[in-house]
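Chemist:
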Ligand SMILES: NC(=O)c1ccc[n+]([C@@H]2O[C@H](COP(=O)([O-])OP(=O)(O)OC[C@H]3O[C@@H](n4cnc5c(N)ncnc54)[C@H](O)[C@@H]3O)[C@@H](O)[C@H]2O)c1
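Numbering (my numbering), first residue to last: 6 to 351.
#1: Which value, in whole angstroms, describes the spacing of the CA atoms of residue 283 and residue 189?
#2: Can you tell me whether DSSP reads residue 328 as helix, strand or coil?
#3: Would the beta-carbon of residue 99 be found less than 7 Å away from any heavy atom of ligand 1?
#4: What are the boundary residues of the alpha helix (DSSP H) that residue 200 is part of?
#5: Specify the secondary structure class of residue 56 as computed by DSSP and reduced to three states.
#6: Any idea if residue 342 is buried or exposed, counting beta-carbon neighbours within 10 angstroms, 16 or more meaning buried?
#7: Kindly confirm or deny that the region 47 to 59 and the region 148 to 165 touch, where touching means at least three C-beta pairs closer than 8 Å.
#8: How do the region 85 to 96 and the region 108 to 120 stand: do at least 3 beta-carbon pairs fall below 8 Å, yes or no?
#9: Based on DSSP bridge pairs, tell me the residues matched to residue 124.
#10: Look at the Cβ atom of residue 208, then the Cβ atom of residue 340, and state whether they are nearer than 8 Å.
#11: Less than 8 Å between C-beta atoms, sequence neighbours within five positions excluded: which residues of the same chain meet that for residue 131?
#12: Run through DSSP, which three-state label would residue 144 get?
#13: With which residues is residue 2 paired in a DSSP beta bridge?
#14: Determine the closest residue to residue 330 out of 250, 191 and 155, with distance taken between C-alpha atoms.
#15: For residue 129, which residues in the same chain have their Cβ closer than 7 Å to its Cβ, ignoring the five residues on either side in sequence?
#16: Looking at ligand 1, does it come within less than 7 Å of residue 64, judged from the CB to the closest heavy atom?
#17: Per the DSSP calculation, residue 301 is bridged to which residue(s)?
#18: Under 8 Å, Cβ to Cβ, is there at least one residue of chain D near residue 235?
#19: Any chance the CB of residue 327 is under 7 Å from a heavy atom of ligand 1?
#20: Leaving out five residues on either side along the sequence, give the residues of the same chain with a beta carbon under 7 Å from the beta carbon of residue 212.
#21: Please identify the residue among 102, 69, 127 and 23 whose C-alpha is closest to the C-alpha of residue 92.
#22: With a cut-off of 8 Å on the beta carbons, I'd call residue 336 and residue 147 a contact; round off their distance for me.
#23: Between residue 49 and residue 76, which are expected to be in contact by the criterion C-beta below 8 Å, what is the C-beta distance as a whole number of angstroms?
#24: Just the C-alpha distance for residue 73 and residue 26, rounded to the nearest angstrom, thanks.
#25: Any idea which residues DSSP pairs residue 345 with across the strands?
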């Protein structure tokens, strides 16, 4: 099999998980990196044994390159995705795919002109617990979903924003807690319930008001497409990064994700269904441990001959990624207008 040639643009905190996943997959070769900070870029290129570029537009002229990973600040995603697709290369981008839904339209237009694929990193869909929830819900064994709730209480310090050139700045991050951290939880909620029809939410600046221009806390009540009620609370203002608490109330039982363990509570009995493996110590636990799975899944699609249909659920594409970003945008809008916002069905 031909070795797929990969590059990473943006070599900050998250890029390491992309680099490790590429290096651990024998069908991929890390050919180049692009990093605005030349000092760290050159050191990293030496460590990976790959080429270094200061400007991603030069990288895109490399005829041998197949796939580009985008791990840059949010405001650079759209421009980099569109340029990479125009150069005929596949893109695997970190979330959020763009700053807002208007930018997604432009990306969709670029995709329509290209044969390349675009995958978006929502790695938590591949956690053992998420996969178990999804297949149990799809099997119908638990009957109708009545309610879904999530509680995300994480901790970000003022330094986390102040030491970054883009976090905490609305024009660069596109928001704060919702678009950066809680988007993973909103993505899971909408994925499990098959979408969201309407949302009423409130976003607020509280403990981190001096550190980020965006919200540090948000609540949202949602009408899910399957008729269930969605209840969501998230904050970056807690004192530690607690594991996500997620509960799904179905006619025939209650699913509870608590402390990374998935329980089924049915007729008074509590049964352990799945446990998520925690990342190795050097990796932040709240990122989850499924980056490698998401990256391998995307490469599997890329390496499949173009005339072989790839199942829609094989990676998170633009249509899937659009849902959680438009939900985030709807919560911001609802908070501004103080009313329910209806979400469009595709
Ligand atoms: N999936 C997850 O769980 C997860 C976790 C963390 C971050 N992320 C996402 O990853 C992306 C990056 O986040 P991060 O925490 O690594 O940020 P970061 O600030 O640590 O790293 C970004 C890097 O991009 C570089 N950069 C900026 N402009 C550039 C340019 N024009 N060309 C090349 N390099 C450039 C910066 O110098 C920096 O090294 C964001 O979209 C973020 O939301 C996802």
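For every residue, glycine included, the Cβ atom is placed at its ideal position computed from N, Cα and C.
Because the structure is a prediction, the values reported are computed rather than measured.
Modeler: On the basis of the supplied data:
#1: 17 Å
#2: helix
#3: yes
#4: It is not in any alpha helix (DSSP H) - residue 200 carries neither H nor E in the DSSP assignment.
#5: strand
#6: exposed
#7: no
#8: yes
#9: 97
#10: yes
#11: 295, 298, 299 and 302
#12: helix
#13: An answer regarding residue 2 cannot be provided, because it is not within the stretch 6 to 351 covered by the chain.
#14: 191
#15: 135, 189, 193, 293 and 295
#16: no
#17: Partner(s): none; residue 301 has no beta bridge.
#18: Protein chains in the displayed structure number just one, and chain D is not present.
#19: no
#20: 221 and 242
#21: 69
#22: That belief does not hold up - the Cβ atoms of residue 336 and residue 147 are roughly 27 Å apart, past 8 Å.
#23: At roughly 12 Å, the Cβ-Cβ gap does not stay under 8 Å, so residue 49 and residue 76 are not in contact.
#24: 14 Å
#25: Residue 345 is not bridged to any residue.
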